[in-house]
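One structure below.
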């Protein structure tokens, strides 16, 4: 009986560990294509220190929180213009397109 009790307790721990009980808001996971996955990597590296985005697991407090729906076109324009304290063209070209695609997928998915 002791072995069965341990197995049940272990199963309970495994189930609870998957519930996101880490104290923060639950992370939202989105199925991403290859460009969006590259954009996620770039977002975490280049944008995550300032911007909060649940799917990326970032919690920046300086820039706009990006947990509401964003269109890729609007994100791309913000990257190019650098509104407020954000530096313009922090990422450019295909990298900026990938970041914009990722933010749109992560916030609209």
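In the working numbering, the protein residues as written are 1087 to 1195. Glycine included, each C-beta is placed from N, C-alpha and C at the ideal position. Predicted model, so just to flag it, every value in this text is computed and none were measured.
Straight-line gap, residue 1177 to residue 1195 (C-alpha atoms, nearest Å): Your numbering for residue 1177 matches position 91 in the chain shown. Your numbering for residue 1195 matches position 109 in the chain shown. A direct Cα-Cα distance of roughly 23 Å separates residue 1177 from residue 1195.
Residue 1139 beta carbon less than 8 Å from that of residue 1201: Because the chain here runs from 1087 to 1195, residue 1201 falls outside it and cannot be looked at.
Backbone secondary structure at residue 1128 - three-state DSSP: Translated into positions along the chain shown, residue 1128 becomes position 42. Residue 1128 falls in the helix class under three-state DSSP.
In DSSP terms, what residue 1138 is bridged to: Along the chain shown, read from residue 1 onward, the residue named residue 1138 stands at position 52. DSSP lists 1145 as partners of residue 1138.
Residue 1126: CB within 7 Å of a non-hydrogen atom of the ligand NAP: Among the components modelled here there is no ligand, and therefore nothing to report on the ligand NAP.
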